[in-house]
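Reviewing the structure listed below.
Below is the structure:
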């Protein structure tokens with residue numbers, strides 16, 4: 068018996084451990100029940116947790132009125148979980164099954180897997196709020212029209228092509244949102260929803276509206292933007308309760324005159340339609356928006372169709388790098404620029420021929436408007452003539468560098484309109500894994516650039532109030548009460564996350580944490596609200612409302628004018644739940660929730676905010692192996708240094724990169740070759756740091772010292788700020804203290820080697836004949852120096868592969884160059900031309916081979932320029948011969964009239 072007891076002890080212990088684990092799991096799930104809310108969309112395996120709760124059936128489960136699940140669960144598991152809901156959550160009033168919580172490689176929200184709902188959900192008699200947004204619904208689930216108590220139905224961002232007639236049987240529905248679906252028609256029964264107050268159908272394919280829509284007697288807001296509507300039913304005049312009517316971005320040619328007489332209407336948005344003849348009542352009404360319509364333009368005279376319609380193919384233009392303008396006719400055209408930009412002018416975009424000019428500017432802070440957390444992804448494109456409006460919008464594709472961080476960020480094209488910069492509706496198109504295009508439509512030409520920024524959620528806040536939610540962080544919400552504003556105004560929300568490890572490293576506190584950083588802004592209007600708005604932020608990671616120490620919780624507010632952070636915890640009333648903190652504010656600004664034992668956190672918040680915007684970089688200075696006087700200076704993000712050096716070290720050599728320094732996006736800095744050291748021919752070199760662009764420049768350096776005696780050692784130093792007249796002494800003295808508060812960043816050595824023998828004639832840059840170290844040809848037929856080859860490279864543009872093949876380069880090498888310098892056309896051309904020139908150095912006939920290759924590639928213009936350079940070189944050579952008395956003065960051996968023998972010349 069003792070032996071049996073001993074054998075049972077391990078089994079009993081294992082049973083007790085298993086029971087303890089189950090109890091701990093059950094306790095963890097019970098802790099998710101906060102009052103009458105059950106939020107499982109923020110946790111992995113939310114469906115499994117709910118099924119386990121249903122199996123345990125704790126008393127708290129029957130009290131749940133609000134349930135949130137993720138739409139990204141397995142479809143079968145999600146269906147099995149929803150089947151248990153009517154049996155266990157009979158008091159449920161709100162059910163949220165949203166997708167959009169995961170992102171693809173481009174940073175776009177992914178739709179959930181939900182395609183239908185179990186029929187048993189119709190038994191939820193108390194259900195009033197149902198959110199199925201960002202899912203994969205193609206038809207409306209049959210159980211929804213049977214939910215008689217439903218007041219809010221959200222179906223945005225699905226694949227719905229129609230709505231059933233049974234939808235009109237919902238007697239309590241007050242808010243219906245079906246934005247960004249594929250609706251082509253609306254059910255007639257929609258007009259039977261007599262209680263409906265808000266209807267949002269924007270972003271669909273509607274071309275007509277049923278007349279029955281005029282039966283929505285309680286409707287106060289109707290949004291039909293971004294559809295294909297060509298006309299409106301006159302029954303809209305009967306919507307006597309309507310306050311907001313949004314119809315922009317359609318194809319409307321006329322609107323019912325009676326709309327302007329609706330007694331409660333405060334905003335009628337008709338922008339970007341085809342309205343030409345508008346009644347005077349609409350023109351004079353202050354609440355009507357008509358921008359973007361061809362008002363006052365005469366309709367084209369009707370023409371009889373030709374017997375055989377002639378379809379003209381749209382012209383296609385491919386411009387070389389030496390062309391900076393092109394014509395556009397009413398026929399339209401498709402244009403590809405050498406700088407990686409595509410444009411498409413539809414037929415009829417211009418009434419008469421127009422000459423378009425373009426230019427790609429190097430980015431600088433004066434031209435590039437960036438927010439605190441924005442990143443520049445492209446150069447600045449200027450298209451002229453500025454401000455000339457097109458009859459139809461022109462499609463524009465801008466090539467940009469893929470952003471390194473994509474979660475909760477978006478790519479937008481920004482343009483200058485008037486005196487301010489604005490954002491265009493942008494779609495990202497992926498041509499290859501690392502070749503991305505930003506596609507937008509522009510009504511007129513100006514300056515354009517591509518930026519990456521935190522996802523921006525915008526809404527129009529009416530006087531009646533509204534709710535603004537963050538698409539990247541579902542727990543961040545802002546509630547605008549009635550009376551928060553006197554007239555509708557656009558409000559923007561951005562949310563930025565800071566990694567917990569960075570905050571802990573800054574504070575030196577292992578338990579410190581911070582919520583996402585919230586920014587509220589507006590395009591114009593007063594800086595504050597008339598009524599306090601309610602902000603909801605998630606509690607910092609690892610902190611719950613049941614266990615936190617309130618003395619460690621700090622609500623921080625950034626003062627716009629002083630650009631400082633204030634702790635306003637004592638000035639607001641913080642309402643805490645298990646997962647969230649709610650508070651009321653009255654100003655547009657930044658808000659941040661910290662959990663730390665530190666008491667004075669204002670200065671720490673400033674440093675943390677700066678760290679969010681800083682990039683860790685290294686500086687390099689390399690010299691070309693064949694020509695040490697050519698120095699490459701570059702500023703690289705820390706994670707790109709090794710790959711860049713591996714690519715460059717077969718042609719360059721130099722010291723190790725600098726220590727890591729920190730820089731802001733768009734920060735100016737410069738490189739200076741120190742006094743009594745080799746000095747840059749063009750003076751100090753200025754840079755502007757952009758984290759996704761190539762911050763690189765190549766310069767030639769020289770020295771007044773005699774390099775035939777000894778090598779010359781020097782150094783190049785990097786400093787923050789714009790280029791001064793001279794480097795201040797205090798900057799040099801600050802080298803021992805490197806940081807954001809100092810000017811100096813790094814110093815790297817360079818060396819000009821000693822010239823040997825006759826190298827001084829070919830490589831020296833002092834008085835006398837000056838030739839570049841890499842040259843083709845000979846003194847009698849003429850030289851092409853390295854500078855000449857750079858000029859040729861700048862003229863080739865997209866024709867360089869044909870020139871390379873005629874020079875004898877194998878096709879495999881062309882493919883290698885394309886891959887190694889992808890997205891860098893100039894780099895491809897220079898590498899091809901200089902690698903070929905290095906192999907041809909010292910060999911006869913190289914210049915002739917280059918001329919023949921240019922002619923065979925139909926680049927006669929460049930060939931003529933090369934001949935002119937050669938002729939100039941030959942003339943300089945003859946002049947130098949005369950100065951050194953190697954030929955009789957006044958006699959040209961090449962002159963046909965000169966004596967043809969040495970004897971006659973001596974006589």
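Residue numbers (this note's numbering): 68 to 974. Backbone N, C-alpha and C fix where the C-beta goes; we use that ideal spot for every residue, glycine too. Note that the coordinates shown come from a computational prediction; the quantities given were computed from them, not determined experimentally.
{"Query": "Backbone CA spacing between residue 693 and residue 888 [nearest angstrom]", "Result": "21 Å"}
{"Query": "Rounded straight-line distance, which links the Cα of residue 508 to that of residue 448", "Result": "15 Å"}
{"Query": "Distance between residue 165 and residue 107 (C-alpha atoms, nearest Å)", "Result": "11 Å"}
{"Query": "CB contact flag (residue 752, residue 731, <8 Å)", "Result": "no"}
{"Query": "Residue 240 versus residue 267 - alpha carbon distance", "Result": "13 Å"}
{"Query": "Collapsed DSSP secondary structure at residue 454 in the structure displayed", "Result": "coil"}
{"Query": "Residue 205, DSSP secondary structure in three states", "Result": "coil"}
{"Query": "Residue 872 to residue 914 span [Cα, whole Å]", "Result": "16 Å"}
{"Query": "Any 3 or more C-beta pairs closer than 8 Å across the region 857-868 and the region 888-901", "Result": "yes"}
{"Query": "Where residue 35 falls, given that 16 or more other Cβ within 10 Å makes a residue buried", "Result": "The requested residue 35 is not part of the displayed model; the chain covers only 68 to 974."}
{"Query": "Where residue 224 falls, given that 16 or more other Cβ within 10 Å makes a residue buried", "Result": "buried"}
{"Query": "Span separating the alpha-carbon of residue 258 from that of residue 329", "Result": "18 Å"}
{"Query": "Proximity below 8 Å, CB of residue 148 to CB of residue 197", "Result": "no"}
{"Query": "Segments of 3+ residues assigned as beta strand (DSSP E) that fall wholly inside the region 578-661", "Result": "584-589, 595-605, 620-626, 631-634 and 647-654"}
{"Query": "Secondary structure of residue 797, DSSP reduced to three states", "Result": "Confidence is the limiting factor: at residue 797 the pLDDT is only 44, short of 50, which leaves the residue's position unreliable and the question unanswerable from this model."}
{"Query": "Rounded separation between residue 626 and residue 632 - CA only", "Result": "6 Å"}
{"Query": "Helix, strand or coil at residue 251 according to DSSP, with G and I counted as helix", "Result": "coil"}
{"Query": "DSSP bridge partner residues for residue 196 (one or two, in chain order)", "Result": "161 and 219"}
{"Query": "Given 8 Å, three or more beta-carbon pairs between the region 225-233 and the region 186-196", "Result": "no"}
{"Query": "Spatially closest choice to residue 438 from 141, 249 and 522, by CA coordinates", "Result": "522"}
{"Query": "Boundaries of the alpha helix (DSSP H) in which residue 818 is found, first to last residue", "Result": "From DSSP, residue 818 is part of no alpha helix (DSSP H) but of the beta strand (DSSP E) over 811-819."}
{"Query": "For residue 678, the nearest candidate out of 573, 636 and 577 (CA to CA)", "Result": "573"}
{"Query": "Per DSSP, cross-strand counterpart(s) of residue 686", "Result": "702"}
{"Query": "Cβ neighbour criterion (16 or more within 10 Å) applied to residue 800", "Result": "Low confidence applies to residue 800: its pLDDT is 46, below 50, so where it sits in the model is not reliable, and the reading given next is rough at best. Exposed is the call here."}
{"Query": "Whether residue 529 touches residue 600 by CB criterion (8 Å)", "Result": "no"}
{"Query": "Assigned exposure category for residue 385 - 16 Cβ within 10 Å defines buried", "Result": "exposed"}
{"Query": "Cβ contact (3+ pairs, closer than 8 Å) linking the region 532-545 and the region 503-519", "Result": "no"}
{"Query": "Residue interval of the beta strand (DSSP E) (run including residue 423)", "Result": "421-428"}
{"Query": "Whole alpha helix (DSSP H) elements within the region 886-917, 4-residue minimum", "Result": "892-907"}
{"Query": "Best match in 414, 358 and 156 for proximity to residue 127 [C-alpha to C-alpha]", "Result": "156"}
{"Query": "In DSSP terms, what residue 491 is bridged to", "Result": "480"}
{"Query": "Stretch pair the region 809-822 + the region 773-789: three plus CB contacts closer than 8 Å", "Result": "yes"}
{"Query": "Neighbour-count burial assignment, residue 416, 16 or more Cβ in a 10 Å radius", "Result": "buried"}
{"Query": "Buried or exposed by the 16-neighbour rule on C-beta atoms within 10 Å, applied to residue 789", "Result": "exposed"}
{"Query": "Own chain partners of residue 221 with C-beta closer than 6 Å, once the 5 adjacent residues on each side are dropped", "Result": "198, 200 and 244"}
{"Query": "Residue range of the unbroken beta strand (DSSP E) whose run includes residue 520", "Result": "514-521"}
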